[in-house]
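Quick notes on the structure that follows.
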Amino acid sequence: AIATKYKHELMNLYSVYSKKKAVGNYVEKTLQEIKIRQVKNLCLALLSKLDTLEIRKLVKKQYLEGTCATDTNLALSLYLDSSAKDKMKILKDAEASAKSLVAWESFLYIVGRNDSADYLKVIKEYMNPNFQNKTKVETPSTTKNQMIYGEIRSFMDDVNRQALWRKRRKEQMEKQREA
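Going by this note's numbering, the first residue of the sequence shown is number 13, and it counts up by one from there.
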């Protein structure tokens with residue numbers, strides 16, 4: 013509702029704050045930069061609710077050209093929440109660029125908090141890019157109770173697999189850091 017009513021004003025604010033430069037000594041400049049980012053990113057977040065091609069391009073541009081983690085992480089999150097057709101490609105690019113543990117944790121947080129209409133597809137696609145290409149195998153009919161427990165077991169197996177993968181990744185990153 014806000015984005016629809018004030019789209020023009022929000023676009024202008026975003027444009028102004030995207031170009032605004034901080035001045036002063038180090039502390040003053042840093043504080044101004046934080047405030048500038050907050051206003052700019054709030055405008056972008058509100059505008060992203062419109063989910064138009066124009067806004068998706070703006071969000072993607074901020075992701076690709078962002079100068080700090082705050083800008084790129086917010087843009088990635090907003091882009092995943094959109095209906096963009098290429099969001100899985102952007103997600104894979106973001107994964108490849110998450111080299112440090114902090115960046116990796118931020119990446120996982122963004123994937124986990126995805127709030128798009130197809131959030132489950134995005135998460136499943138990320139966890140297993142071939143999840144839709146499975147051939148269907150006929151299974152004997154099962155009771156609802158068996159299906160529920162089967163889903164729980166499957167979910168817990170996936171959680172365990174991901175935990176082991178994260179542990180191995182963390183160990184690899186620590187080895188790289190030590191080297």
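Where is the CB? At the ideal position from N, CA and C, for every residue including glycine. This one's a predicted model, so the numbers in the text were calculated from it and none came from an experiment.
Might you give, ordered along the chain, the residues of its own chain that have their beta carbon closer than 6 Å to the beta carbon of residue i, omitting 5 neighbours on each side?
i	result
residue 34	41, 44, 45
residue 14	58
residue 51	29
Nearest CA to the CA of residue i: which residue from the options?
i	options	result
residue 16	67, 37, 106	67
residue 88	20, 24, 121	121
residue 194	23, 25, 136	For the chain, the structure presents residues 13 to 191; residue 194 sits outside this window and is missing.
Taking C-beta to C-beta, are residue i and residue j nearer than 8 Å?
i	j	result
residue 140	residue 134	no
residue 99	residue 90	no
residue 49	residue 84	no
residue 182	residue 132	no
residue 86	residue 53	yes
residue 119	residue 129	no
Excluding the 5 residues preceding and the 5 following residue i in the sequence, name in chain order all residues of the same chain whose CB lies nearer than 7 Å to its CB.
i	result
residue 61	15
Among residues of its own chain, excluding the 5 on either side of residue i, which ones have a beta-carbon nearer than 8 Å to its beta-carbon?
i	result
residue 63	94, 95
Quiz item: What runs of the alpha helix (DSSP H), each 4 residues or longer, lie entirely inside the segment 28-108?
Solution: Whole alpha helix (DSSP H) segments, 4+ residues: 38-60, 65-77, 81-93.
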